[in-house]
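**Q** In terms of my numbering, the numbers along the sequence shown are unbroken and rise by one, the last being 893.
For glycine and all other residues, C-beta sits at the position ideal for the given N, C-alpha and C.
Bear in mind that the values here come from a model prediction, so they are computed numbers and not experimental data.
My questions will all concern the structure given below.
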Amino acid sequence: MRRFSGSPAFALAALALAVPPLRAQVGLASPDGRNQVTVDIREGRLTYGMTRDRRPLVLPSDLGFEFRGAPALRDGLRITDTTRQTHDEWWTQPWGEVARVRDHYNELAVAVEETGASRRRFTLRIRAFDDGIGFRYELPEQPGLGAFQISDELTEFNLADNARAWWIPSNWARMDRSEMLYSSGPVSVLDSVQTPLTMELQDGRTFMVIHEANLVDYARMFLRKERTETRLLRAALAPMADGVKVSGRTPFETPWRTIQVADRVTDLSPSLLGLKLNPPSRIANTSWIKPMKYVGIWWGMHINTMTWGSGPKHGATTEHTRRYIDFAAANGFGGVLVEGWNVGWDGDWIQNRNAFSFTRSYPDYDLPALAAYAKEKGVGIIVHNETSGGIQNYERQIDSAFALYRSLGLHAIKSGYVADNTSEGHSHYSQYMVRHYRRVIEKAAEYGIMLDVHEPMHDTGERRTWPNMMSREGSRGQEYNAWSGDGGNPPEHESILFFTRMLAGPMDFTPGIFDLLIQSDTSGRPRRPDQPRIRTTLAKQLALYVVLYSPLQMAADLPENYEGKPAFQFIRDVAVDWDTTRVIDARIGDYVVVARRERGGPTWFLGAITDEQGRTFDVPLSFLPAGRRYVAEIYADGPKANWLDNPLPVAISGHPVTSASRLRVVLAPGGGQAIRFRPEK
Ligand code: NOJ
Ligand code: CA
Numbered sequence: 213m214r215r216f217s218g219s220p221a222f223a224l225a226a227l228a229l230a231v232p233p234l235r236a237q238v239g240l241a242s243p244d245g246r247n248q249v250t251v252d253i254r255e256g257r258l259t260y261g262m263t264r265d266r267r268p269l270v271l272p273s274d275l276g277f278e279f280r281g282a283p284a285l286r287d288g289l290r291i292t293d294t295t296r297q298t299h300d301e302w303w304t305q306p307w308g309e310v311a312r313v314r315d316h317y318n319e320l321a322v323a324v325e326e327t328g329a330s331r332r333r334f335t336l337r338i339r340a341f342d343d344g345i346g347f348r349y350e351l352p353e354q355p356g357l358g359a360f361q362i363s364d365e366l367t368e369f370n371l372a373d374n375a376r377a378w379w380i381p382s383n384w385a386r387m388d389r390s391e392m393l394y395s396s397g398p399v400s401v402l403d404s405v406q407t408p409l410t411m412e413l414q415d416g417r418t419f420m421v422i423h424e425a426n427l428v429d430y431a432r433m434f435l436r437k438e439r440t441e442t443r444l445l446r447a448a449l450a451p452m453a454d455g456v457k458v459s460g461r462t463p464f465e466t467p468w469r470t471i472q473v474a475d476r477v478t479d480l481s482p483s484l485l486g487l488k489l490n491p492p493s494r495i496a497n498t499s500w501i502k503p504m505k506y507v508g509i510w511w512g513m514h515i516n517t518m519t520w521g522s523g524p525k526h527g528a529t530t531e532h533t534r535r536y537i538d539f540a541a542a543n544g545f546g547g548v549l550v551e552g553w554n555v556g557w558d559g560d561w562i563q564n565r566n567a568f569s570f571t572r573s574y575p576d577y578d579l580p581a582l583a584a585y586a587k588e589k590g591v592g593i594i595v596h597n598e599t600s601g602g603i604q605n606y607e608r609q610i611d612s613a614f615a616l617y618r619s620l621g622l623h624a625i626k627s628g629y630v631a632d633n634t635s636e637g638h639s640h641y642s643q644y645m646v647r648h649y650r651r652v653i654e655k656a657a658e659y660g661i662m663l664d665v666h667e668p669m670h671d672t673g674e675r676r677t678w679p680n681m682m683s684r685e686g687s688r689g690q691e692y693n694a695w696s697g698d699g700g701n702p703p704e705h706e707s708i709l710f711f712t713r714m715l716a717g718p719m720d721f722t723p724g725i726f727d728l729l730i731q732s733d734t735s736g737r738p739r740r741p742d743q744p745r746i747r748t749t750l751a752k753q754l755a756l757y758v759v760l761y762s763p764l765q766m767a768a769d770l771p772e773n774y775e776g777k778p779a780f781q782f783i784r785d786v787a788v789d790w791d792t793t794r795v796i797d798a799r800i801g802d803y804v805v806v807a808r809r810e811r812g813g814p815t816w817f818l819g820a821i822t823d824e825q826g827r828t829f830d831v832p833l834s835f836l837p838a839g840r841r842y843v844a845e846i847y848a849d850g851p852k853a854n855w856l857d858n859p860l861p862v863a864i865s866g867h868p869v870t871s872a873s874r875l876r877v878v879l880a881p882g883g884g885q886a887i888r889f890r891p892e893k
């Protein structure tokens with residue numbers, strides 16, 4: 213697939229020169245020619261800049277590193293060599309938002325060297341795609357640079373436009389594991405933010421997203437400004453306990469720094485740039501990796517009717533679990549998550565993090581018997597591993613735990629990391645944690661286990677290499693509606709998530725709460741004026757199954773809240789693995805209308821959500837195949853529905869349609885609509 217673009221004549225000419233030609237400025241263009249990167253030496257510093265259709269998006273921006281115990285690698289540089297190649301390949305994903313991905317780019321590698329005494333060298337490798345660019349540093353093995361400790365990465369993103377950004381902060385001592393509500397405003401007022409950082413340029417016709425890809429052995433990247441009122445963002449790395457950001461040894465590669473671009477907001481999703489910058493799958497046989505819907509002994513703990521710890525309200529009992537398994541089997545769900553099954557939850561489970569056992573059950577939970585029962589019913593138990601950030605405690609047990617789960621035929625784990633710092637004092641997003649999360653992914657692959665990680669490292673496309681890394685949280689999910697103390701997620705939340713968090717990868721948001729006012733909470737806890745509740749309509753909960761992509765998708769409510777509810781049929785029917793995804797209409801923070809076709813079948817689904825404003829869309833069904841008759845099964849907000857005081861009515865109807873039809877999709881304030889298009893029999 214790879215070929216070198218330089219002509220033989222050019223190569224010979226270059227060879228003829230004893231010294232490689234010294235170039236000051238080199239350029240690279242995407243296959244369609246629209247995205248251009250210019251790499252330059254300016255006053256001895258290596259810089260890059262980016263344009264789209266010749267319009268500057270990123271002005272010349274510095275590159276380099278600061279080290280602990282060694283001078284910065286930034287000044288007095290010269291370009292010693294450049295190489296180019298081009299690549300064009302399609303691959304089929306084992307699962308995803310789309311089945312097929314085209315990896316088409318032009319690449320430029322720029323080798324640079326210090327001109328002073330130390331002569332340290334590195335290569336900047338850049339790939340230009342039609343949907344954005346990626347670049348990374350490669351530090352070759354060399355006498356002047358062996359073991360190193362990075363104290364700062366000096367990569368800048370000097371933005372040309374005072375674009376509007378949607379962001380969550382990164383400069384807090386506590387970062388709540390990214391579980392925060394988004395703000396938006398011009399880049400000039402940002403301080404320190406997390407990625408993906410999504411921006412709409414002032415012309416309203418260009419969108420940019422800064423993120424990273426293939427984070428394997430490095431610290432997570434945030435973005436920060438040194439001075440307010442500028443548009444100069446700089447990479448900021450999460451520290452380990454001793455303040456070092458990255459410790460390594462040459463040869464070494466950093467993650468890719470990525471800038472996704474699109475002309476229309478609807479083209480931002482699905483975001484595939486990061487996947488293209490991760491290596492192909494390391495799992496040869498992926499047949500055991502199966503997207504699925506699941507239920508769980510979970511919401512009961514969040515609304516206080518059950519406990520994780522032992523006692524009269526213990527959720528994870530053999531009896532409860534059998535009931536959930538029966539419910540899953542009766543409704544075609546693949547998994548049952550059980551939290552609070554293992555010893556260690558009693559007392560303060562965040563402080564007592566080293567007390568968790570990942571093999572020993574509470575006496576009222578018979579793991580082997582339940583595993584066998586689930587298997588008999590064609591369901592799998594999703595084993596819960598909350599670490600509370602006790603990393604060594606988890607790693608010590610990981611082989612025995614995973615071996616146990618495998619011996620019982622259990623192939624999925626939901627893990628958790630509720631802690632700002634690990635028990636060893638490292639930041640949640642440090643290199644130490646990056647390495648840990650990676651080790652767990654690889655261990656899980658070895659034991660045939662799929663992963664759903666809560667409080668995860670942010671997603672940088674690992675699922676391409678390790679497709680057992682299926683879903684993760686890493687944002688404010690449904691759980692906040694149960695207890696957040698600020699009234700829950702506002703109605704605009706999910707329409708921001710779609711263009712921020714979801715551009716990194718799948719999210720285990722856990723949709724599907726039907727008891728929107730949480731009347732099942734009979735625990736007697738005091739009802740406050742900001743009483744927790746779900747600030748959506750019920751139809752919007754259904755639409756979230758199509759909008760918020762996850763290959764592991766939960767029906768989060770208590771089973772009893774689904775019994776006898778016609779709207780539950782949509783959750784039973786909706787697919788979790790997609791061949792095609794089309795974002796039909798959207799505005800960040802306001803609304804999203806998306807259609808997806810199931811993998812391996814003709815059925816299409818549509819999900820539409822809105823913020824606190826009601827909206828009407830006229831949707832052409834041109835995504836359906838021409839000449840085929842379909843039935844649209846519509847789950848719409850019912851008469852007078854709205855999130856605030858009438859969230860429950862859902863109007864269910866069926867209509868014959870074809871690709872020539874148009875549908876009037878009416879959303880209530882805080883509402884949504886979910887549609888299944890099945891071929892007519
Ligand atoms: C936070 C997770 O997001 C939630 O899903 C889980 O139930 C609790 N931690 C306990 O592990
Ligand atoms: Ca969480």
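#1: List the endpoints of the continuous beta strand (DSSP E) containing A624.
#2: Within 10 angstroms of the Cβ of T749, are there 16 or more other Cβ atoms? Answer buried if so, exposed if not.
#3: Can you tell which of R469, M392, S395, T571 has the C-alpha that lies nearest to the C-alpha of S273?
#4: Whole angstroms is fine: what's the gap from Y394's alpha carbon to Y585's?
#5: So who's on the other strand from N554, going by DSSP bridges?
#6: Note the first and the last residue of the continuous beta strand (DSSP E) segment covering W303.
#7: Using the DSSP secondary-structure output, state which residues sit across from M504 in a beta bridge.
#8: If you draw a straight line from the alpha carbon of R827 to that of Y803, how long is it in whole angstroms?
#9: For M719, list the residues DSSP reports as bridge partners.
#10: Is the beta carbon of G884 sitting closer than 8 Å to the one on T822?
#11: Assign R348 to one of two classes, buried (16 or more other C-beta atoms within 10 Å of its C-beta) or exposed (fewer than that).
#12: Just reading off the alpha helix (DSSP H) that W378 is part of, what are its end residues?
#13: Taking the alpha-carbon positions, what's the I625 to P492 distance?
#14: Taking the continuous alpha helix (DSSP H) assigned at D789, which residues delimit it?
#15: Run through the DSSP bridge pairs and tell me what Y317 is partnered with.
#16: Quick one: is T734 buried, meaning 16 or more other Cβ sit within 10 Å of its Cβ, or exposed?
#17: Kindly list the residues whose CB is nearer than 6 Å to the CB of R890, restricted to its own chain and excluding five residues on each side of it in sequence; keep chain order.
#18: Taking the beta strand (DSSP E) that V758 belongs to, which residues open and close that run?
#19: Mapping the DSSP letters down to three states, classify M513 as helix, strand or coil.
#20: Please name the residue in T712, A528, R436 whose C-alpha comes closest to that of V550.
#21: Compare the Cα-Cα distances from S483 to each of T672, A694, H666 and report the closest residue.
#22: Using 7 Å as the cut-off, classify the Cβ of H705 as near or not near the heavy atoms of ligand 2, replying yes or no.
#23: Can L409 and A359 be called in contact, C-beta distance under 8 Å?
#24: Would you call the segment 681-693 and the segment 650-667 in contact, with 3 or more CB pairs under 8 Å?
#25: Three Cβ pairs or more, each shorter than 8 Å: is that satisfied between the segment 305-322 and the segment 497-512?
#26: Can you confirm whether the segment 589-608 touches the segment 617-631 when touching is taken to mean that 3 or more C-beta pairs between the two stretches lie within less than 8 Å?
#27: Can you have a look at T327 and say buried or exposed, based on whether 16 or more other CB atoms are within 10 angstroms of its CB?
#28: Does the distance from the CB of A448 to the CB of F434 come in under 8 Å?
#29: Just reading off the beta strand (DSSP E) that T530 is part of, what are its end residues?
#30: Can you tell me whether S596 sits near ligand 2, meaning its C-beta is under 7 Å from at least one heavy atom of the ligand?
#31: Return yes when the C-beta of E691 is under 7 Å from any heavy atom of ligand 2, and no when it is not.
#32: Which class does P924 belong to by DSSP, given the choice of helix, strand or coil?
#33: Determine the burial state of Q563: buried for a count of at least 16 other Cβ atoms within 10 Å of its Cβ, exposed for fewer.
#34: So which of F568, Y847, S396 has the shortest CA-CA distance to I887?
#35: Helix, strand or coil: which one does DSSP assign to N566?
#36: Leaving out five residues on either side along the sequence, give the residues of the same chain with a beta carbon under 8 Å from the beta carbon of A284.
**A** This is what the structure gives:
#1: Position 412 of the sequence shown holds residue 624. Run containing A624: 624-628, per the beta strand (DSSP E) assignment.
#2: Here residue 749 refers to the residue found at position 537 when the sequence shown is read from its first residue. So T749 counts as buried.
#3: By 1-based counting over the sequence shown, the position of residue 273 is 61. Selected option, being the one with the closest Cα: R469.
#4: Reading the sequence shown from its first residue, position 182 is the one you call residue 394. Reading the sequence shown from its first residue, position 373 is the one you call residue 585. Going from the Cα of Y394 to the Cα of Y585 covers about 43 Å.
#5: Within the sequence shown, residue 554 is the residue found at index 342, counting from 1. Answer is S573.
#6: For the purposes of this step, residue 303 is taken as the residue at position 91 of the sequence shown. Residues 289-304.
#7: Reading the sequence shown from its first residue, position 292 is the one you call residue 504. Paired residue(s): L764.
#8: Locating residue 827 in the sequence shown gives position 615, counting from the first residue. Locating residue 803 in the sequence shown gives position 591, counting from the first residue. Approximately 9 Å, taken between the alpha carbons.
#9: Here residue 719 refers to the residue found at position 507 of the sequence shown. In the DSSP output, where bridge partners are listed per residue, M719 has R684.
#10: On the sequence shown, position 672 is the one that residue 884 refers to. On the sequence shown, position 610 is the one that residue 822 refers to. Yes; because the gap between Cβ atoms is below 8 Å, this pair is in contact.
#11: Against the sequence shown, residue 348 aligns to sequence position 136. That one is buried.
#12: As a first step, residue 378 must be located in the sequence shown, where it is residue number 166. Taken as a continuous stretch (DSSP letters only), W378 belongs to no alpha helix (DSSP H), being part of the beta strand (DSSP E) at 376-379.
#13: Stepping through the sequence shown from its first residue, residue 625 is reached at position 413. Stepping through the sequence shown from its first residue, residue 492 is reached at position 280. If you take the alpha carbons of I625 and P492, they lie about 23 Å apart.
#14: For the purposes of this step, residue 789 is taken as residue 577 along the sequence shown, with counting starting at 1. Here D789 belongs to no alpha helix (DSSP H), and DSSP marks it neither H nor E.
#15: Taking the sequence shown and counting its residues from 1, one reaches residue 317 at position 105. Answer by DSSP bridge pairing, in chain order: H299.
#16: As a position in the sequence shown, residue 734 is number 522, starting the count at 1. Exposed is the call here.
#17: Numbered from 1 along the sequence shown, position 678 holds the residue referred to as residue 890. Only T815, V843 meet the Cβ criterion.
#18: As a position in the sequence shown, residue 758 is number 546, starting the count at 1. First-last for V758: 750-759, but that is the alpha helix (DSSP H), not the beta strand (DSSP E).
#19: Within the sequence shown, residue 513 is the residue found at index 301, counting from 1. The answer is helix: DSSP assigns M513 an H, G or I state.
#20: Sequence index remark: in the sequence shown, residue 550 carries index 338 (1-based). Here the closest residue by C-alpha is A528.
#21: Within the sequence shown, numbered from 1, the residue matching residue 483 stands at position 271. The option with the nearest alpha carbon to S483 is T672.
#22: In the sequence shown, residue 705 corresponds to position 493, counting from 1. Not so, every heavy atom of ligand 2 lies at least 7 Å from the Cβ.
#23: For the purposes of this step, residue 409 is taken as the residue at position 197 of the sequence shown. For the purposes of this step, residue 359 is taken as the residue at position 147 of the sequence shown. Cβ atoms of L409 and A359: not closer than 8 Å.
#24: yes
#25: yes
#26: yes
#27: Residue mapping note: residue 327 aligns to position 115 of the sequence shown, counting from 1. By the 10 Å Cβ count, T327 comes out exposed.
#28: Working through the sequence shown from its first residue, we reach residue 448 at position 236. Working through the sequence shown from its first residue, we reach residue 434 at position 222. Yes, they are a contact pair.
#29: Residue 530 sits at position 318 when you count from the first residue of the sequence shown. No beta strand (DSSP E) contains T530, which is instead part of the alpha helix (DSSP H) from 530-543.
#30: The residue you call residue 596 lines up with position 384 of the sequence shown. Sequence check: residue 596 is His here, not Ser. The answer is no for H596.
#31: Residue numbering aside, residue 691 sits at position 479 when the sequence shown is read from its first letter. True, at least one ligand heavy atom lies under 7 Å from that Cβ.
#32: Because residue 924 is not part of the residues shown, which for the chain are 213 to 893, the question remains open.
#33: Along the sequence shown, read from residue 1 onward, the residue named residue 563 stands at position 351. Q563 should be labelled exposed.
#34: Residue numbering aside, residue 887 sits at position 675 when the sequence shown is read from its first letter. Checked all of F568, Y847, S396; the closest Cα to I887 is Y847.
#35: For the purposes of this step, residue 566 is taken as residue 354 along the sequence shown, with counting starting at 1. Helix, per DSSP.
#36: The residue you call residue 284 lines up with position 72 of the sequence shown. Here the set comprises G276, F277, E278, L366.
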